[in-house]
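Residue numbers (our numbering), protein chains in the order written: chain A, 1478 to 1593; chain B, 679 to 786.
Glycine included, every Cβ here is placed at the ideal spot set by N, Cα and C.
Computed from a predicted structure; not experimentally measured.
Read through the structure below, which is laid out as structure tokens, and then see the notes.
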Amino acid sequence: DAGVIQSPRHEVTEMGQEVTLRCKPISGHNSLFWYRQTMMRGLELLIYFNNNVPIDDSGMPEDRFSAKMPNASFSTLKIQPSEPRDSAVYFCASSPLRGLSQETQYFGPGTRLLVL
Amino acid sequence: GQSLEQPSEVTAVEGAIVQINCTYQTSGFYGLSWYQQHDGGAPTFLSYNALDGLEETGRFSSFLSRSDSYGYLLLQELQMKDSASYFCAVRFRGPLVFGKGTRLSVIA
Chain A
1478 DAGVIQSPRH
1488 EVTEMGQEVT
1498 LRCKPISGHN
1508 SLFWYRQTMM
1518 RGLELLIYFN
1528 NNVPIDDSGM
1538 PEDRFSAKMP
1548 NASFSTLKIQ
1558 PSEPRDSAVY
1568 FCASSPLRGL
1578 SQETQYFGPG
1588 TRLLVL
Chain B
679 GQSLEQPSEV
689 TAVEGAIVQI
699 NCTYQTSGFY
709 GLSWYQQHDG
719 GAPTFLSYNA
729 LDGLEETGRF
739 SSFLSRSDSY
749 GYLLLQELQM
759 KDSASYFCAV
769 RFRGPLVFGK
779 GTRLSVIA
């Protein structure tokens, strides 16, 4: 099992540019989560999907952020336009939807975003 | 609301035992989880307590007391590689809610 796959691993961009982060969850996992981590705010849940459907996006900072999950094996988080304060590590995680195993989330390696 | 409190930093000596506490201000959650994150890495699952009591996994143990709104992670025979951040987390009807994390530094 390859685990949760994220790309790119590092992204450096200029303010105002569009940034797209990608995630492939573990096969068979029905829940997918996008997190942002910074020193100041810690680990923040941005949005999560169950069976490809967005359930709660209350953590999305503002309209510049959007996320999609067109199928069970792929999700994107888009920032348009990007701002320096968006610089952070963005993690994608997945878990099963049912049973005790849903208590365990498997995190991808993260995308380190720097907006200049 | 849902609130988890952890110490921000803990320092301990190699070979010693350290306890990282987690207190919460809510009830009705499914259980208490612990995650470890090394610098530059991703959070990884360590343990889960569905019921009150102690769960042991090698050098790591985790404890939950719902009546006391309290849990802890116990690390024994500390090794330098245990230096990392440790997060407690609870789940209600939705996704996990994470604490701010405790940064553990193991010194020689």
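Rounded to the nearest whole angstrom, the C-alpha separation of Leu782(B) and Phe776(B) is 17 Å. In the DSSP secondary-structure assignment, Asp1533(A) is bridged to Tyr1525(A). With contacts defined as CB atoms closer than 8 Å, Gly1519(A) and Lys778(B) qualify as a contacting pair. For Ala720(B), the nearest CB of chain A lies under 8 Å from its own CB, placing it at the interface with that chain. For His1487(A), the enclosing beta strand (DSSP E) covers residues 1487–1490.
For a cut-off of 8 Å, the C-beta gap from Phe723(B) to Tyr713(B) is around 6 Å, short enough to register as a contact. In this structure Leu1593(A) touches Pro1561(A) by the C-beta definition: roughly 7 Å separates them, less than 8 Å. Measuring C-alpha to C-alpha distances from Gln1483(A) to each of Ser681(B), Ala720(B), Val688(B) identifies Ala720(B) as the nearest. For Arg1499(A), same chain residues with a beta-carbon under 6 Å away, outside a window of 5 residues either side, are Ser1484, Thr1553 in chain order.
Neighbours of Thr1581(A) in chain B, taken as residues at a C-beta separation under 9 Å, are given in chain order as Ser711, Phe723, Tyr726. Interface residue (Cβ-Cβ distance to chain B less than 8 Å): Pro1586(A) is classified as such. Phe1526(A) counts as buried, since no fewer than 16 other beta carbons sit within 10 angstroms of its beta carbon. With respect to Ile695(B), Gln684(B) sits apart: the two C-beta atoms are not nearer than 8 Å. What Phe1510(A) touches in chain B, judged by beta-carbon distance under 9 Å, is Pro773, Leu774, going in chain order.
Close to chain B, meaning a Cβ-Cβ distance shorter than 8 Å, are the following residues of the segment 1509–1537 of chain A: Phe1510, Gly1519, Leu1520, Leu1522, Tyr1525, Ile1532, Asp1533.
Listed along chain B, no residue sits closer than 8 Å to Phe1542(A) by beta-carbon distance, the nearest being about 17 Å off. In the DSSP annotation of this structure, the continuous segment of the beta strand (DSSP E) that includes Leu1554(A) starts and ends at 1551–1556. Here the alpha carbons of Leu751(B) and Pro773(B) stand approximately 21 Å from one another. Of the other Cβ atoms in all chains shown, 16 or more fall within 10 Å of the Cβ of Asn727(B); this residue is therefore buried. Interface criterion met: the Cβ of Arg769(B) is under 8 Å from a Cβ in chain A.
Burial is judged here by how many other beta carbons sit within 10 angstroms of a residue's own beta carbon; Val768(B) has at least 16 and is buried.
For the pair Asn1507(A) and Cys1569(A), the Cα-to-Cα distance works out to about 13 Å.
Here Asp1563(A) is buried. Its C-beta has 16 or more other C-beta atoms within 10 Å.
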